[in-house]
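Just below is one structure, and these are the notes that go with it.
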Amino acid sequence: MQILPSHLSTQLQRGFNNIDTLHGDEALLVQQPTDLVRTTARLQNYTERAVHVA
């Protein structure tokens with residue numbers, strides 16, 4: 317399911333999926349949603365993450 321950046325915060329309040337990926341053409345535009353995901357994960361007591369670069 318694709319989620320627009322403007323709806324990401326609402327979706328994260330509902331919880332994480334089994335796998336979530338972030339991608340985009342410009343690093344700066346991906347950085348803000350990435351920070352939001354990491355902050356939300358920390359607040360929900362997630363302590364582990366994996367990064368895969370292709």
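Numbering (my numbering), first residue to last: 317 to 370.
All residues carry an ideal CB built from backbone N, CA and C; glycine is no exception.
- Any idea if residue 349 is buried or exposed, counting beta-carbon neighbours within 10 angstroms, 16 or more meaning buried? Walking along the sequence shown from the start, residue 349 turns up at place 33. The residue in question, residue 349, is buried, as its Cβ has 16 or more Cβ neighbours within 10 Å.
- Message: Considering only their Cβ atoms, is the gap separating residue 320 from residue 352 smaller than 9 Å?
- Response: Locating residue 352 in the sequence shown gives position 36, counting from the first residue. Locating residue 320 in the sequence shown gives position 4, counting from the first residue. Their beta carbons are not under 9 Å apart, which means residue 352 does not touch residue 320 by this criterion.
- Item | Close beta carbons around residue 356, own chain, < 7 Å, minus the five adjacent residues each side | In the sequence shown, counting from the first residue as 1, residue 356 sits at position 40. So the list reads 328, once near-sequence residues are dropped.
- Message: Short of 8 Å in beta carbon distance, which residues of its chain neighbour residue 362, apart from the five on each side in sequence? Order them along the chain.
- Response: Walking along the sequence shown from the start, residue 362 turns up at place 46. So the list reads 332, once near-sequence residues are dropped.
- Task: Under 7 Å Cβ to Cβ from residue 366, same chain only, skipping five residues before and after it: list those, please.
- Result: By one-based count along the sequence shown, residue 366 stands at place 50. So no residue of the chain qualifies.
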